[in-house]
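For the sequence shown, my numbering puts the final residue at 893, and the numbers step up evenly by one.
Glycine included, every Cβ here is placed at the ideal spot set by N, Cα and C.
Keep in mind it's a predicted model, so treat the numbers as computed, not measured.
For reference, the structure is listed below as structure tokens.
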Amino acid sequence: MGDTWIMKGRYNGCTMNVYSTIPGYKRLASIPELSKKARQRLKWFEHYYSRGRNARLTCRHFDISPQTFYRWKRRYNPRHIETLEDRSHRPRHVRQPTYSVELVNAVLRVREEYPRWGKDKLVILLRREGFNCSASTVGRILHRLRKRGVLKEPVLNYISTRKRQRQRPYAIRKPKEYVAKKPGDIVEVDTLDVRPLPGVVLKHFTARDIISRWDVLEAHTRATSHTASSFIDSLLKRMPFPIRAIQVDGGSEFQDVFEEECQRRGIELFVLPPRSPKLNGHVERAQRTHTEEFYEVTDANFEISELNQALLKWEEVYNTIRPHQALGYLTPKEFLERYYQQIEEKEVVSLII
């Protein structure tokens, strides 16, 4: 009843209803629902006509180029605001298929016989049958057959050889809205194979805070969930700030006991998607640094106890002496000192105000 008014009254003892309509309601009802981009363009012209038709002022206000504004002005029809919608960029004249019906039937027959073969294999079989075609042509035919519903893809029967993704009880993907803003918000942890002698493989653990670049290092003979969980103790003792979240890859050493330990200590655990080491880029780069600047030049014995003592000394050098280009050639220790000093200064200013 939004377009019709009903007024009730009494005249000579009788109830009377008077019906009236809003002028122009039919045109209002016919206005199409515009997309977000079209509504933004409509604001351009509302601003343009309300400011004395000043195109330059409108362009500066909405940060658009005059060429863009005048292009849409030529297209805009106030009686048909749907003219502000994007038009299809599809060519008016599309190249029509040149392949024959016989080739289409042959592609369909061969594909149904070998449903898991791609266009590159199918084109070889078709050429053996005397069809002169390319792999791209076969691909276009397959696409068109799928679109028309003629080609039915087989239902796959997954067998035990396919590795299923294991459900993690605590670890999750890092939410998009989660952003590291202060030291300890995200600490990336990774392992590195160290092969000092033939047949000898050691597991090196590195943890890096992505804000301060503070690293904690430790070596073990094996990389298991128990050794990884014990590394959490070293992490909490030797990082000079509380740890809110740890980010790891999908390695088995970061499951089971390690995951339970993170949950017990209230540390959020983020696990990376498969085959995405670049998302742990900070610690991956740290592994290269420790390989080049420690393992390749150290004269320490590769017995675990002696090696960890040497790693502790290198860790201190790395965090307190070595300048970091990413920190403006400050050490992680100097960066943290400046960081906490700035926080104290802001707190003092807020108290004064």
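The three-state reading of DSSP puts LYS576 in helix, counting H, G and I together.
The closest CA to that of GLN607, considering only ASN617, PRO738, ALA595 and PRO618, is found on ALA595.
THR623 carries a helical assignment under DSSP once its states are collapsed to helix, strand and coil. With respect to the C-alpha of PHE781, the residue from TRP754, GLU800 and LYS576 having the closest C-alpha is TRP754. VAL727 and ARG748 do touch by the CB rule: their CB atoms are close to 7 Å apart, below 8 Å. Remark: C-beta atoms of LEU624 and VAL647 do not approach each other more closely than 8 Å. Within the model, the alpha-carbon separation for VAL888 versus TYR879 is close to 15 Å.
Nearest Cα to ASP626 within the set ASN841, PRO694, TRP612 and TYR639: TRP612. Of the other Cβ atoms in all chains shown, 16 or more fall within 10 Å of the Cβ of LEU847; this residue is therefore buried. Three or more beta-carbon pairs separated by less than 8 Å link the region 783-800 to the region 756-769, which places the two stretches in contact. The DSSP-derived three-state label of GLN787 is strand.
Here HIS633 is not bridged, per DSSP, to any residue.
The C-alpha of HIS744 is placed about 13 Å away from the C-alpha of SER845.
Per DSSP, the beta bridge partners of ILE712 are PHE810.
One alpha carbon belongs to ASP603, the other to VAL741, and they sit about 60 Å apart. Look at ASN820 here: in three-state DSSP terms it is helix. In this structure, DSSP gives THR831 a helical state, which the three-state scheme calls helix. DSSP links ARG748 through a beta bridge to GLU728 and ASP755. In the structure shown, the three-state DSSP call for LEU691 is coil. The beta carbon of PHE842 sits closer than 6 Å to the beta carbons of PRO736 from its chain, once the five residues preceding and following it are set aside; these are given in chain order. It is roughly 17 Å from the alpha-carbon of LEU775 to the alpha-carbon of HIS830. Judged by DSSP secondary structure, PHE798 falls within the alpha helix (DSSP H) whose first and last residues are 797-805. Excluding its 5 nearest sequence neighbours in each direction, THR598 has C-beta neighbours in its own chain below 7 Å: TRP584, HIS587, TYR588, ARG591 and PHE609, listed in chain order. Between ALA785 and ASP725, the beta carbon gap of about 6 Å places them in contact (Cβ cut-off 8 Å).
Residue pairing by DSSP places ASP733 opposite LYS743 in a beta bridge. By the beta-carbon neighbour count (other beta carbons within 10 angstroms, threshold 16), GLU758 is buried. ARG600 and VAL634 have their C-alpha atoms roughly 39 Å apart. DSSP places ASN645 within a helical segment (H, G or I) once states are collapsed to three.
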